[in-house]
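Here's the structure, in structure tokens; my notes come after.
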Amino acid sequence: MTELSGPEVAVAQAVIRDLWGQQQVPQHNLLRALAHAGNTLVGAFADERCVGVALGFLGWHGGIHLHSHMTAVVPGRQSVGVGFALKLWQRALCLDRGVREIRWTYDPLISRNAYFNLVKLGAEVIAFEPDFYGDMDDAVNAGDHSDRFEVSWRLDSEGVQLAASGARAPQRPEGQLVEIPLDYDALRRADPAAARDIRLRTRGIFTRWMSEGMTPRWAQGGGYLFRATDRDLAAPRP
């Protein structure tokens, strides 16, 4: 694991290209400038080959935080701990620099990412952003809406410290269940119309329930459990 800078940013471009295609590859000079300014551009290496990268930059909205824009792991190296190691390295760099929060967005219909973000890392959903990026033409998202959950990873919270150690915070099973496909990627390749119907249906549910002050947690059997925030549950009733 290492921070990338100078000519090394080309290896980050290669990883991003392998995963999403050329359309999503940031310009070389932009990556160099971000790294030079002290933002996090981290590479994970195995057998002298870069197999994963994480790119983040400083954000101010709602308090100082790192916005983790991209975390990419090459095909064939996914689900073996590379992404987890990248996020822990980002966390260590931020804590060392006095930054206590990382935020990022993810597609709420990709169940493996939901589990990774909400359970394995212990992040919390703070917003739903319909069509966040607009139309996308990369190898993964082309032809689909870019709805996203925004999550907050509070780096020194008890839950995140547990997750970073490999443990899990206790899960409360109550809430309103929203089921999502086990493999939405496969569904939108095989049946785009069915995938679009699920996208629009869940968009309505996510928008309504989050506007009512409910937040989602990952359900043990898959899908989301929406319930009132812990603060709302603890508040006295009139």
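Heads up: the sequence shown begins at 219 in this note's numbering, then just goes up one per residue. For each residue, glycine too, the CB sits at the ideal point set by N, CA and C. Note that the structure is a prediction, hence the values are computed from the model and not measured.
Cβ pair count under 8 Å reaching 3, the segment 309-317 against the segment 412-431
no
How many Å lie between G280 and I344 at the Cα?
11 Å
What is the residue span of the beta strand (DSSP E) that I282 lies within?
Taken as a continuous stretch (DSSP letters only), I282 belongs to no beta strand (DSSP E), as it is neither H nor E.
Quick one, which of F334, E226, L252 and Q438 has its alpha-carbon nearest P388's?
Q438
Uninterrupted alpha helix (DSSP H) stretches inside the segment 291-324 (no shorter than 4 residues):
300-314
Would Q308 be called buried (16 or more neighbouring beta carbons within 10 Å of its own) or exposed?
buried
So, helix, strand or coil for I344, using DSSP?
strand
One or two residues paired with S370 in a DSSP bridge
R321 and E342
Helix, strand or coil at V260 [DSSP, three-state]
strand
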